[in-house]
Structures are given as C-alpha cells and as structure tokens.
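Taking mature numbering (1 follows the signal peptide of the UniProt record, and there is no 0), I'd label the letters of the sequence shown as residues -26 to -1, 1 to 243.
Quick reminder that beta carbons are idealized off the backbone N, C-alpha and C, glycines included.
Working notes, structure below.
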Amino acid sequence: MTFARHLFAALLLGLSFATAPLPAHARDDAADKPVVVFAAASLKNALDAVAREWTRSSGVEVKASYAASSALARQLEQDAPADLFISADTAWMNYVADRKLIAADSRLDLLGNRLVLVAGPDWKKGDVDLGPGFDLSGALGAGRLAMGDVNSVPAGRYGKAALTSLGLWESVASRVAGAENVRAALALVARGEAPLGVVYKTDAAADPSVRIVGTFPADSHPAIVYPAARLTTSDNGQAAAFLKYLASAPARKIFEAAGFAVLAPASGS
C-alpha cells in the first residue's frame, strides 16, 4: 500500500469515530442531569410536590436546596452550583441580578403570599385583631415573638415592616426570637418555645400544630413576591423547561392548594 493510501485509510477511520453516535448511556446522562434549584425555605412543601409531578411527567429529577433567601443569594455569590433561584422577596433577587448571576430575560414574579400571626398548641386566647391598638406585648406574656431575622430574612423584614406600620414594633423589638429562616421561626412556635410567631400563611398551613390567630393587613408591609430566574452559570437545558413548568396548570393547582397566589401568567407546559 502506498503512503497516500495509508493516509487515506487513517483519515477514513478518524472520520468514522467522529461521526459515530454517542453511546446510549452518554446521551441519557446528559438528558437526565438533575435541575438544581435554590429556593426560599417557605416553598419547601409546595415546591417539592411540584417537582415530583414534573419528574413524573418529564423523567428529569429536581434537587432543591431550601434556606433563607439571603443565605442562598450569598451562596450563589460564592459560585455555589445551581440552575434556578427562587427568592421570597425581590430584594435578594435584585442582589443576585446586580452581580450578573441571573439571566435577566428569564426572571418572572412567580408567587405571592400573606403574612400571619401564629400561635402554638397551648394558645387559649383566641383570635386577635392585628391593628394599631393590639397589645402584642401583653399577648406574649413572658414569652418571645418568633420571626425570621429582621435584618436579612424576607419574612423577618416583612414582619418588622408590618409591626412598625401598626405601631407595635417598639413594644416587642427587644423580645424577638430571630430565626435563620421562616421555617425555623415556625418550629419555635410549634414546639412551644415561643407563644407567637410571624410567618407566611403557607407556612402555617403546612404545620397542623400551629394555628393562625391573626392576618396582617396587606397594606401594612410591602407586597410579598417570590421572583424566580435561571442562573447565568447553568448549562442544564432542562432548567428553562422546569422554570416554565412552575407556571403551568398542574403547578398552579399545587401552589394554590398550599395557599400561594400564582402571579405568573399561565404557561403551556
């Protein structure tokens, strides 16, 4: 065989490797890569249920990490790997947006919520009227008011704003049991470690050991909005599909059953 024929045969062999289809397991690994979601702690029950439905229909797993929006935003700032971020307020989504961490065209206002006052299983005083004349300090007795950290946790920020608006903050500011997220505040009340707590309506609905004793007026605090967006570092092609699914009819049904208001326009997923 001449040198030219040797060269031609080598090129032909290389071309056959280059054009050969990927092994089935390689294609499946790419298609089955989980969608990693960083989400506000208050979303856990509902978002887990939505994720299960999507996995059932799509075959793609969702791995969700739940914490205070502030903690998640700072993790993203430190290059924590994630595909989607769902915050419990616009401030922490703006924080990551300012650092060019989200795809701006993917951002949407997904959900809304309400702020409530909850009591534990030993509460005997009935419902309260959350207005300027309410004696919140007296209602606490010797106990403390559980709520998210008012300097960083969205539920804590909303709670402080509401209490300030109603003229109640000064009377309880020194008696707040600050928690790392809203679910931790809820747990303090559920365990009887705090007689009252300020949480989202959806959190109260998720724990039968607490009861709502009052709902804060909607105009006493900024609107509670959960924005969602895809991270710019995400290379997961399924991330956009799951983000779209969050506003679909099956997802809306689950979110609304949990007590959320769905703000995003209905998607076709």
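Alpha carbon to alpha carbon, how far is residue 184 from residue 178? Give it in angstroms, no decimals. 6 Å
May I have the straight-line CA-CA distance separating residue 70 from residue 59, to the nearest angstrom? 9 Å
Within the continuous beta strand (DSSP E) that includes residue 186, where are the two ends? 185 to 189
Provide the residue span of the beta strand (DSSP E) that contains residue 37, from first to last. 36 to 41
Taking only three categories from DSSP, how would you classify residue 229? helix
Run through DSSP, which three-state label would residue 192 get? helix
Following the continuous beta strand (DSSP E) through residue 201, name the residue where it begins and the one where it ends. 199 to 204
Can you give the Cα-Cα distance for residue 48 and residue 166, rounded to whole angstroms? 31 Å
Where are the alpha helix (DSSP H) runs, 4 residues long or more, that stay fully inside the stretch 90 to 134, in chain order? 110 to 114
Between the Cα of residue 172 and those of 182, 193 and 150, spot the shortest distance and give me the residue it belongs to. 150
Buried or exposed: which applies to residue 206, given that a residue is buried once 16 or more other Cβ atoms fall within 10 Å of its Cβ? exposed
Here's a check: name, in chain order, each residue in its chain whose Cβ is nearer than 8 Å to the Cβ of residue 91, leaving out the five neighbours to either side. 102, 104, 170, 171, 172, 186, 187, 188, 189 and 190
Starting from the N-terminal side, write out each stretch of the beta strand (DSSP E) that is 3 residues or longer and does not extend beyond the stretch 138 to 177. 150 to 153 and 170 to 174
Is it true that the stretch 4 to 24 meets the stretch 202 to 219, where meeting means three or more beta-carbon pairs spaced less than 8 Å apart? yes
Look up residue 82 in the DSSP assignment and say whether it is helix, strand or coil. strand
Proximity below 9 Å, CB of residue 54 to CB of residue 89: no
Suppose the cutoff is 7 Å on Cβ atoms and the five residues either side in sequence are ignored; what does the same chain contact list for residue 76 look like? 59, 70, 203, 204, 205 and 206
Helix, strand or coil: which one does DSSP assign to residue 235? strand
Just to confirm before moving on: does the CB-CB distance between residue 16 and residue 62 stay below 9 Å? yes
My output table needs one value for residue 45: the three-state DSSP class, helix, strand or coil. helix
Could you pull the start and end residues of the beta strand (DSSP E) that residue 13 belongs to? 9 to 14
Would you kindly report the start and end of the unbroken alpha helix (DSSP H) that includes residue 21? 18 to 32
Which partner residues of residue 58 appear in the DSSP bridge assignment? 11 and 204
Is the beta carbon of residue 214 sitting closer than 9 Å to the one on residue 241? no
Closest by C-alpha distance to residue 50, when choosing among 74, 199 and 112: 74
What are the boundary residues of the alpha helix (DSSP H) that residue 68 is part of? 64 to 72
Since residue 163 and residue 120 should fall inside the 8 Å C-beta cutoff, what is the C-beta to C-beta distance between them, to a whole number of angstroms? 5 Å
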